[in-house]
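Asks:
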Amino acid sequence: MHVDRIERSIGQLIDEISNAEILLPEIQREYVWKPTQVAKLMDSIYRGYPFGSLLFWETDEPPETREMFISGPEAVPSKPPLFLLDGQQRLTSLHRVFTDHPDAQVVFHVENQKFQNQSAATQRDPKWVKVATVLDQKTSMLRLTQQLLEAKSSLEDHEIEERLRKIKELRNRRFVMEVLKGFPYDEVAEIFVRVNSGGRRLGTLDLAMATLSTRWKGVLAELQSESEHWLRHGYGHIDVNFLSRALAGVVLGRGLSVWSHSKLRQTSDTDLERGWGVVKHGLRRLIPLLRSHLGLTRSDPLPSMIVLIPLVVLLGERDDDTIDSETSNGIIYWLLLATIRTRYSGSTDTRLSQDIRAARQPDPVRSLLEGLNVESSRAEVTERALRGRTKESPYFFLSLLVALAGDARDWWYGGDILPDATDAPKLEHHHVHPPSTLDDSRFDKAMINDLANLVFISGQANKKINGRSPAEYFQELSDEELRAHLVPLDESLRDPDSYQRFLNARRTLLTDAMNSLLDRFRPSFLDDVTSESADPSAGYSLDLALYGGVRDGGRIVFTASGDGISWTGSASVAEMDSAIDSARVSGIDSDVTISGESVPVETIEDSLQVLIGPFLVTGTPEEWRTVFDRELDTSQPLSALPSVEAKPWDGSAVKFPITSTD
C-alpha cells in the first residue's frame, strides 16, 4: 500500500470525468453545493487563490458506484478509473460550469471581475458573459471583445482580452492529487469518513487562536486571565475571542481573514508580546472613557465589539500619559457614528484594516472620521431616521445613552437603568403603551415595537404597569420621571387612540437628545460645516412578516419602501432559516428564491449579505438569527398570507442593515 502524489490540470480532470475515467464510489454523498458556492470557487481559481487538493483511490477491485450529477452522454472508460474520495463538490462544480450545465450558469462581469450565477439582471446586462461561452473552443475572442466594447465597456480592448484570456486559461490551473494504491475497501471507507467528517467549519477566528496557541506558549492563559479581569469589571464581552481578534488587529494591522493564521505564524515573539501590551494598555484607557463619557458600566449594550478595536490601537500605541479632551471626545464621536452607520455590518476585514490604518495616522480622529465620510459635515439624527426602528437598531443603543445622560431612573423604584452586570445579567426595556392596550387592526407589530414606544425600566416596574394604559399609570409618576426618559408630557397623547401622535412626539424628543449627545462630543473642526443625516439608510424601511413556520411551507413577506422605492416580495421560511444557519454554524454560502429569482446568501468575512429587492441587507449571522427568531415568535397563520406577485426588483440596490428591519 502506498500513496502517489501527482498533478493534473482542471481541463484533464474535466475530460476524465466526461470519459468516465473518474467515478464516485457509493460511499460518497450527493452533490449539495449551491450556485453561490460554485461562483466563489470560480472566483478563487481566477484570482490564483489556493483551491485545495483531491484524494483518489486506485483499485483492481472496483466498488459499487453512484451517479456523478453531471450532464452529457454515458461513456465507457478507456482505462481503469480513479475513484474520487475527497473533492467531489469542487470537481463536479467545475465540470458543470465547463460543460454549460443548466444548473451551473456562472457568469463573469468583465469590468469588476466578479462571478455569480446567471439572473434576470445579468441577462439584461451585456457586460456579463457566461463562463462556459468563454471556455468554449469555438468562441471567437475577437468577436466577444467587440461585443463588450459595443456594450460601452469602460475597458480598453487589450484589457478585455487579458481578462477573457485569464478565464480561458482556467483549464490549465492544476490540482494536487493524492492517489491511494493497494488499500482495501474497509480502510478506504475509514479514510473517507475521517476526511469528510468534522462538523463545524474552522473559521478565521478558530484558525487564528490555534495559530497563536502553537506560536506563543501560554498565550491562551494570558487571554483567559485578561478576559476574567474585564468580566469582573462588567465587560464580559471582552472575552478570549475578542482579545484574539484585537491582538491580530494590532499585530497584522487588519481584521481576520483566511490568510491571517499564516501571517501570525510568521510574526516574531517580540512583535506578539509588543502587540499584547498594546491591547492591554489600550483597553485600560478606552473602557474608563466609555464609563466616564457615556455611562457604559457594562459591555452588553454595545451593538458591536469590533468597533472598539481601532480605538484600542489608537490608545494603546500612544506614549502620552493623558488624553486631551478634544481627542477623547473625538474618539467617542467616531464610536457613536460608526455604530449608527453599522460600520462593520459588511466587509468587516476591509473596514477594520482601513480603520486601524487611520488610527495610526498623526491625526487619528480626523482620519477615522474621513473613513466615515463625515470629515466635512456634521452628522445629524433625524426623526425620519428613527421611524420604524426597533430594539435591533443601533438607535436603541443611542436611546439608552440619552436616557443615561438624562439621569433616567427605574420608574417607581428609582434604581439604575443600567445596573451592575452582577446584579442584573440582562438590560431590560418595556413598552410605554403596552401591546394589550393597542388595537392590532390599526397598529401592526412594527409600530407596537417601535423604538419610540420603548423605555429602559425593570421587569418589576413593568409588573407595576400590568398592561395598563399610560392614561392610567402615568398619574403615579412625576413629570421629572417621565421627562428623564424623554416621554412627552402632553396628556392628550396617553390614550391608545393617540398612539401615532405619541410616537411622533417622542421621536422628536429622542432626536433632539441624540443630536445633543453627538454635539457634545463633536470635534471642533466640524463646528462650521453643514449638517447631513448620520444614517445613510434614513428614510428607507424593510418590513418582514412571517406566515406559518419552518415546517409547514411558511412564507416570509418583505415590504420595502423609501425614496423612489415601493416593492414587495416573498421567500420560503424554511429556505431562509436553513441559509442563515448554514452561514452561522458552518460559514457556508447558500441560495434562496426571492420573488421567483435565485438570490445568493453570501458570507463575506464576518458578515452575511442577501439582496432582498432594492436592498443589499447586511449583518452578522448572529444578527440575522436574532431578527429571524423575532419574526418566528410573532408569525401569523399561513392562512393569512396575502397574495404577493413574484416580481424581481429591477434597479440598483441600497445597503441596508438587518438590524434596521421592522
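For the sequence shown, our numbering begins at 4 and goes up steadily by one.
The beta-carbon is built from N, C-alpha and C at its ideal position, and this holds for glycine as well.
#1: Determine, using beta carbons only, whether Asp538 and Ala449 come nearer to each other than 7 Å.
#2: What residues are listed by DSSP as bridge partners for Asn115?
#3: Just curious, the alpha helix (DSSP H) that Val2 is in, first and last residue?
#4: Would you decide whether Asp413 is buried or exposed? Buried here means 16 or more other CB atoms lie within 10 Å of its CB.
#5: Report the option in Val110, Ile290, Glu61 whose CA atom is closest to the CA atom of Trp233.
#6: What are the boundary residues of the alpha helix (DSSP H) that Asp584 is part of?
#7: At a cut of 8 Å, does the region 345-355 reach the region 439-448 through at least three beta carbon pairs?
#8: Can you tell me the Cβ-Cβ gap for Val595 and Ala574, rounded? I've got them flagged as a contact below 8 Å.
#9: Return the chain-ordered list of same chain residues with a C-beta closer than 6 Å to the C-beta of Ser593, the five sequence neighbours on each side being excluded.
#10: Should Met4 be labelled buried (16 or more other beta-carbon atoms within 10 Å of its own) or exposed?
#11: By DSSP, does Ser156 sit in helix, in strand, or in coil?
#12: Should Glu395 and Thr662 be called a contact, given that it needs their Cβ atoms to be closer than 7 Å?
#13: Between Ile335 and Val310, what straight-line distance do the alpha-carbon atoms span, to the nearest angstrom?
#14: Quick one, are the C-beta atoms of Leu401 and Met517 less than 7 Å apart?
#15: Report the residue from Leu87, Asp160, Ser81 whose alpha carbon sits nearest the alpha carbon of Glu33.
#16: Out of Arg471, His112, Phe245, Asn469, point me to the one whose CA is closest to Ser307's CA.
#17: Would DSSP call His488 helix, strand or coil?
#18: DSSP three-state label for Trp131, please.
#19: Going by the beta-carbon positions, is the gap between Pro187 and Ala154 smaller than 7 Å?
#20: Less than 7 Å between the beta carbons of Ser56 and Val179, yes or no?
#21: From which residue to which residue does the alpha helix (DSSP H) around Pro291 run?
#22: Below 7 Å between beta carbons: does that hold for Val41 and Leu183?
#23: Do Val282 and Val315 have their CB atoms nearer than 7 Å?
#24: Under DSSP, the alpha helix (DSSP H) around Thr514 begins and ends at which residues?
#25: Determine the extent of the alpha helix (DSSP H) in which His98 is found, giving its start and end residues.
#26: Going straight from the alpha carbon of Ser655 to that of Ala649, what length do you get?
#27: What residue range is occupied by the uninterrupted alpha helix (DSSP H) comprising Glu19?
#28: Is it true that the CB of Gly333 sits closer than 7 Å to the CB of Pro526?
#29: Using 8 Å as the threshold, is the region 114-124 in touch with the region 59-67, meaning 3 or more CB pairs across them?
#30: Report the option in Leu619, Thr571, Tyr550, Asp324 whose CA atom is closest to the CA atom of Phe631.
#31: Apart from the five residues on each side of it in sequence, which residues of its chain come closer than 8 Å, Cβ to Cβ, to Glu164?
#32: Going by DSSP in three states, Ser472 sits in which element: helix, strand or coil?
#33: What does a CB cutoff of less than 8 Å around Val110 pick up in its chain, not counting 5 residues either side in sequence?
#34: Can the beta-carbon of Leu454 be found closer than 7 Å to that of Arg392?
#35: Among the candidates Leu226, Asp272, Leu305, Thr571, whose CA atom is the shortest distance from the CA of Gly599?
#36: Could you compute how far the alpha carbon of Leu318 sits from the alpha carbon of Gly280?
Replies: Short version:
#1: Contact annotation: Asp538 and Ala449 have beta-carbon atoms that are not nearer than 7 Å.
#2: Paired residues: none, contrary to the question.
#3: Outside the shown range of the chain (4 to 665) lies residue 2, about which nothing can therefore be said.
#4: Asp413 is buried by the Cβ-count criterion.
#5: Of the candidates Val110, Ile290, Glu61, the one whose C-alpha sits nearest the C-alpha of Trp233 is Ile290.
#6: Element bounds for Asp584: 576-584.
#7: Segments in contact, no.
#8: About 5 Å; that satisfies the 8 Å criterion.
#9: Cβ neighbours of Ser593 beyond the five flanking positions: Lys37, Ala582, Ser585, Val604.
#10: Exposed.
#11: Coil.
#12: Taking 7 Å as the Cβ cut-off, Glu395 and Thr662 qualify as a contacting pair.
#13: If I take the Cα positions, the gap works out to 11 Å.
#14: For the pair Leu401 and Met517, the CB atoms are nearer than the 7 Å cut-off.
#15: Residue Leu87 is the option with its Cα nearest to Glu33.
#16: Taking only the C-alpha atoms, the option nearest Ser307 is Phe245.
#17: Three-state DSSP puts His488 in coil, outside helix and strand.
#18: In the structure shown, Trp131 adopts extended strand secondary structure according to DSSP, grouped into three states.
#19: At least 7 Å separates the beta-carbon of Pro187 from that of Ala154.
#20: In this structure, Ser56 places its C-beta atom within 7 Å of the C-beta atom of Val179.
#21: Membership of Pro291 in the alpha helix (DSSP H) is indicated by the continuous run 272-297.
#22: Pairing Val41 with Leu183 gives a Cβ-Cβ distance that is not under 7 Å.
#23: In terms of Cβ geometry, Val282 and Val315 form a close pair [threshold 7 Å].
#24: From DSSP, the alpha helix (DSSP H) with Thr514 extends over 502-524.
#25: First-last of the alpha helix (DSSP H) with His98: 91-101.
#26: Those two C-alpha atoms are separated by around 18 Å.
#27: Its alpha helix (DSSP H) spans residues 13-21.
#28: Yes. Within cutoff.
#29: No, the region 114-124 is not in contact with the region 59-67.
#30: It is Tyr550.
#31: Apart from sequence neighbours up to five positions away, the residues of its chain that approach Glu164 with a beta-carbon distance below 8 Å are Met144, Thr148, ordered along the chain.
#32: DSSP places Ser472 in coil when its eight states are reduced to three.
#33: Exclusion of the five residues before and after Val110 leaves Phe118, Gln119, Asn120, Gln121, Thr125, Trp131, Val132, Lys133, Val134 as the residues of its chain whose Cβ lies within less than 8 Å of its Cβ.
#34: Yes; because the gap between Cβ atoms is below 7 Å, this pair is in contact.
#35: Of the candidates Leu226, Asp272, Leu305, Thr571, Thr571 places its Cα closest to the Cα of Gly599.
#36: Near 12 Å, if we compare the C-alpha coordinates of Gly280 and Leu318.
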